[in-house]
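*Asks:* Encoded as structure tokens, here's the structure I'll be asking about.
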Amino acid sequence: MLNANTLKKVWPQTQFRSQEGRAQTLERQKTIRRPVTCQGIGVHSGQQITMTLKPASIGTGIVFIRTDQSKLYDPIPARWDYVVDTMLCTKIGNNQGVTVSTIEHIMAALYACEIDNLTIELDGPEVPIMDGSAEPFVDLIEAAGISEQKALRGFIKVLKTITVKRGKSMVSLSPAGTFSVSCQFSFNERAKLAAQFYEFDGSPASFKRDIIRARTFGFRQEVEHLWSLGLAKGGSLENAVVIDQDQILNPEGFRYPDECVRHKVLDALGDLYLAGAPIEGHFKGVQCGHHMQSMLLNALFADPLAWCFVVPEREDLHSWPLISPVMTTGTAVVA
Ligand SMILES: [Zn+2]
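Just so we're aligned, residue 9 is where the sequence shown starts under this note's numbering, counting upward by one.
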């Protein structure tokens, strides 16, 4: 285990907080108590997939293992620098070409349950979509039970505002004393529904009350186009909200009046948890999505003055941060 001095050498942006703030509460890293399994369909592949969550030791982070692939393959860390595609979902992969798709909703659940270390085994190419929200994953994690570990939790502190813009989309991370998210979403010509705005205070309690059940959504013509291309094979009204102009095709209707923007918040939480640790800062997203969130983390970590990793003062409880020095060489893609 590395101590504080070693960390300072290899990780110049690391701060050691002793005065006030989050670390003062001595939050500990967490994993789950026992393995748990669920099954469901992959929204893109259409395959029936079994997923098992297993406890993992301090400093592991969140890692995915494809059990249908050779055991010679490395686990895939759920981290921004392993993102390989953001077209229809967030997809990560290792340098041996093994990938896992649709990780964003379980990552949001892990954020909300404050899970730091976990192994996720899958016998197929993607995380099952379940009902399109984060609720089944939170239920699964809570069924497993959550256990505290001996090491303290570090976090990533945003030191200056980083903004990424592309067309009508904008995402930013700004310094703030806590973590919070605000998202704005307009349907534009895709549906005759009013623009939606949502502010989320970052707390697990608010997540479980206001965000957890927000489902993924799509537009009728776009969904039909995906199907014609052989994509979204597992997509249905069982796991997605489908909007047609000013109507929703799902007979049960919306779960929240502004379910779409709440799902945007959910996706952003999952994508931002790929930072490798909780973030202290404010995220703002306008017409945001997986690609924008991925570009934002790349831009943040490419600028050594924009962030630091804060670890608690108690040296005996330090563990190696969930992120590696490779972060300092991340590529910024700022349009
Ligand atoms: Zn989503």
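Here a beta-carbon is modelled for each residue, glycine too, at the ideal position from N, C-alpha and C.
Is residue 4 near ligand 1, going by C-beta to nearest heavy atom under 7 Å?
*Replies:* Nothing in the structure corresponds to residue 4, since the chain is present only between 9 and 343.
*Asks:* What are the start and end residues of the alpha helix (DSSP H) that includes residue 278?
*Replies:* Translated into positions along the sequence shown, residue 278 becomes position 270. 267-280 is the span of the alpha helix (DSSP H), which, as asked, contains residue 278.
*Asks:* Say whether chain D places a C-beta atom closer than 8 Å to the C-beta of residue 266.
*Replies:* In the structure shown, chain D cannot be found, because there is only a single protein chain.
*Asks:* Quick check on the contact list: which residues have their beta carbon closer than 5 Å to a heavy atom of ligand 1?
*Replies:* Here the residues come out as 224, 275.
*Asks:* Quick one: measure Cβ to Cβ for residue 270 and residue 310, integer angstroms, because I've assumed they're closer than 8 Å.
*Replies:* Position 262 of the sequence shown holds residue 270. Position 302 of the sequence shown holds residue 310. Not a contact, Cβ separation roughly 30 Å.
*Asks:* Mind checking who residue 148 pairs with in its DSSP beta bridge?
*Replies:* Taking the first residue of the sequence shown as position 1, residue 148 is located at position 140. DSSP output for residue 148 lists no bridge partner at all.
*Asks:* Would you call the stretch 109-121 and the stretch 138-148 in contact, with 3 or more CB pairs under 8 Å?
*Replies:* Flag = yes, the stretch 109-121 and the stretch 138-148 touch.
*Asks:* Buried or exposed, going by whether 16 or more other CB atoms sit within 10 Å of the CB of residue 95?
*Replies:* In the sequence shown, counting from the first residue as 1, residue 95 sits at position 87. Looking at its Cβ environment, which holds fewer than 16 other Cβ atoms inside 10 Å, residue 95 is exposed.
*Asks:* Excluding five sequence neighbours on each side, which residues of the same chain lie with their C-beta closer than 8 Å to the C-beta of residue 163?
*Replies:* Your numbering for residue 163 matches position 155 in the sequence shown. Within the same chain, residue 163 has close Cβ partners 30, 31, 285, 286, 287, 288, 317, 318.
*Asks:* List the whole-angstrom C-beta distance separating residue 241 from residue 53, where the pair is believed to meet the contact cut-off of C-beta under 8 Å.
*Replies:* Within the sequence shown, residue 241 is the residue found at index 233, counting from 1. Within the sequence shown, residue 53 is the residue found at index 45, counting from 1. Contact holds; Cβ gap of about 6 Å.
*Asks:* Where does residue 157 land, buried or exposed, given buried means 16+ other C-beta within 10 angstroms?
*Replies:* Position 149 of the sequence shown, counted from the first residue, corresponds to residue 157. With 16 or more other Cβ atoms within 10 Å, it is buried.
*Asks:* State the CB to CB distance for the pair residue 86 and residue 106, rounded to an integer number of angstroms; the pair is presumed to be in contact (CB under 8 Å).
*Replies:* Residue numbering aside, residue 86 sits at position 78 when the sequence shown is read from its first letter. Residue numbering aside, residue 106 sits at position 98 when the sequence shown is read from its first letter. Contact flag wrong, Cβ pair sits at about 14 Å.
*Asks:* In the DSSP assignment, find the unbroken alpha helix (DSSP H) run with residue 91 in it and report its ends.
*Replies:* As a position in the sequence shown, residue 91 is number 83, starting the count at 1. Element bounds for residue 91: not the alpha helix (DSSP H) but the beta strand (DSSP E), 91-93.
*Asks:* Quick check: residue 91 and residue 177, are their CB atoms within less than 8 Å of each other?
*Replies:* By 1-based counting over the sequence shown, the position of residue 91 is 83. By 1-based counting over the sequence shown, the position of residue 177 is 169. No.
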